[in-house]
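Here is the structure we will look at, set down as structure tokens.
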Amino acid sequence: MKKIIPAHQAIQKMSHQAQEFAVIQNPAGIWPSVEYVPLADKLTGPLSRIKAVVSDMDGTTTTTEGLCIHALEYMVRQITGRLDPAQWSGLVPDTDYPHIIGNSTTRHVEYLIETYHQYIHPESLKESFLKAALWFLWHGQDAQRKQEVRQNLIALNCRSLLDFSGKAVKKDTHWEKTWNKVKNDLLKSCFKGVKSFSDAQTVKMAVDIYYQRYHEILAAIDDHTSIPGLDDRRELIEPMPGIGIYLALIKGLLGDEIEKMVPELKKAYEEKSGSPWEGGEDVIPPLVQVSRFFEKNPVKISIVTSSIFYEARIVMSRVFERLRRDTESWPLSEARKSRIMDSFTAYENVYDAFVTASDSNEIRLKPHRDLYSIALHQLGIPKEDFDTVIGFEDSESGTLAIRAAGIGLCCAVPFHETSGHDLSAASHILQGGIPEAILKHLAFLKTGA
């Protein structure tokens, strides 16, 4: 096979690869600026066999999209100097949210920088960047993220902050007091020779500010301590409705007792969709049949997230703490309940693969296929069995990534913040989320299989 061919031959060959192609715009500074990626043909199911399920984390498995939005809004406030809600009411759900959910952090920040560029205050940008960098160098737990901060400081002639961060200074919970004492000196010694910031430099600085806030909150959640500037954290990390039941079902942990969970599923459906479940009890016999199948044929599962491993580990650990507590009230026999709770002791007991941004690179995250292709590889699913895989996503870029990885049965499970996304790449749009997949579609397994 020729390694280089002219454009007209490439177009001819590509036309035979797929019926649909995704138009993927790369981050600024990457060539080419746009890629055209073949998508797997849509499958609607039901499937005669299911070997694997791949699923997004934020917004699909957990509620952490709210945490991401909070950190992005915090970043915009910092670089514009509009800290008071009276100065700026915040991000606009209808116009901003579709562009800051489901993609890579860099793409989210690029959008916000472009949208709010006229309000950026250079001195506020400098100060908030240096403050975020100092926090990371002193308190950051992710080595890769800290290295990226160091690289940004060097590129912006801010070595003096690197020198200061290495000094024997007490790095306690009151580190901001130290920052307030030294910030003027650091602002004078940093950025020498840098007269203005390019768009790419502004984005990199803003990304560091975003991650500082995000990791500060995660660290507080991990340590079970209060979060500075955020009084209510109850809804920051919770499992999405029905996730625990679904995991127990496809891992073969429920068996005939799935019948007892139908009222819980209906309640979860109504919570997710905002509408009453109108189906009858005739769903129970086929659902029991499906549950028996999974008891004999447990499914492999992978989380696929654009969050880095440090973030995903904390989030999923908290989610499984909650799932374990929730299971205590499930109306199951003690033996079965005990088995499920043992499985829910840690997410590693349930997920066969755990794919994060740390397995790839910021410039190859969703909507690129890379993370989902890695998941399929780690799960050991050969290409000829991709039609036995189901993918769940809540965003436009996520649904494109699933199809681009060769998975035809893609289910969108939108929530309020992604209601403005174009989810036409999905085979099904489930307003009732995972509970709808179980109750209405019987987990997309053909009964009698």
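The numbering of the sequence shown is this note's numbering, which starts it at 708 and goes up by one.
Think of the CB as a built atom: it goes at the ideal place given N, C-alpha and C, for glycine as much as any other residue.
Values in this document were obtained by computation on a predicted structure and should not be read as measured data.
Open item on the list: Just verifying my parser: in three-state terms, what is the DSSP assignment at P1159?
Closed with: Any answer about residue 1159 is impossible in this case: the structure gives the chain only from 708 up to 1156.
- [ ] Could you tell me if T751 is buried or exposed, where buried requires 16 or more neighbouring beta carbons within 10 angstroms of its beta carbon?
- [x] With a threshold of 16 other beta carbon atoms within 10 Å, T751 falls short and is exposed.
Open item on the list: Beta-carbon within less than 8 angstroms of I820's beta-carbon, same chain only, minus the 5 sequence neighbours each way: which residues are those?
Closed with: The residues are I827, D906, T909, V910, A913.
Task: Cβ neighbours of A927 in the same chain (closer than 7 angstroms, five flanking residues each side left out) - done: Correct list, in chain order: S933, I934.
TODO: Could you check what DSSP says for D1066 in three-state terms: helix, strand or coil?
DONE: In the structure shown, D1066 sits in a helix (DSSP, three-state: H, G or I).
TODO: Report the rounded CA-to-CA distance for R940 versus I861, giving the unit in angstroms.
DONE: Here R940 scores only 49 on pLDDT, less than 50, and its place in the model is too uncertain to base an answer on.
TODO: Could you name the residues of the same chain whose beta carbon sits closer than 8 angstroms to that of P946, not counting the 5 residues immediately before and after it, in chain order?
DONE: Excluding five sequence positions before and after P946, the CB atoms of its chain that fall closer than 8 angstroms to its own CB belong to T768, T769, T770, V1026, R1029, L1030, D1033, given in chain order.
Task: Terminal residues of the alpha helix (DSSP H) in which S896 lies - done: Looking at the DSSP string, the run of the alpha helix (DSSP H) that includes S896 is 882 to 896.
TODO: Pull up the distance between the alpha-carbon of E1103 and that of L1130, whole angstroms please.
DONE: Rounded to whole angstroms, the gap between the alpha carbons of E1103 and L1130 is 5 angstroms.
TODO: Assess, as a yes-or-no matter, whether the region 1108 to 1125 is touched by the region 958 to 977 under the definition of 3 or more beta carbon pairs within less than 8 angstroms.
DONE: Using a C-beta cut-off of 8 angstroms, the region 958 to 977 makes no contact with the region 1108 to 1125, since fewer than three inter-stretch Cβ pairs fall below that distance.
Open item on the list: According to DSSP, is G951 part of a helix, a strand, or is it coil?
Closed with: Residue state, collapsed to three classes: helix.
TODO: Determine the direct distance from the alpha carbon of V901 to that of Y1058, and round the result to whole angstroms.
DONE: Their backbone Cα atoms lie some 47 angstroms apart in a straight line.
TODO: Determine the DSSP secondary structure at S762, reduced to helix, strand or coil.
DONE: The three-state reading of DSSP puts S762 in strand, counting E and B together.
- [ ] Please state if the CB of F1151 and the CB of I1097 are separated by a distance shorter than 8 angstroms.
- [x] For I1097 and F1151, yes; Cβs fall inside 8 angstroms.
Open item on the list: Just to confirm before moving on: does the CB-CB distance between K1153 and S755 stay below 8 angstroms?
Closed with: Taking 8 angstroms as the Cβ cut-off, K1153 and S755 qualify as a contacting pair.
TODO: To the nearest angstrom, report how far apart E676 and S1009 are at their CA atoms.
DONE: Missing from the structure shown is residue 676; the chain here goes from 708 to 1156 and no further.
- [ ] Quick one: using the 10 Å Cβ neighbour count with 16 as the cut-off for buried, is G1140 buried or exposed?
- [x] Counting the other Cβ atoms within 10 Å of the Cβ of G1140 gives 16 or more, which makes it buried.
Task: Between the CA atoms of D1077 and G1087 - distance to the nearest angstrom - done: Those two C-alpha atoms are separated by around 15 angstroms.
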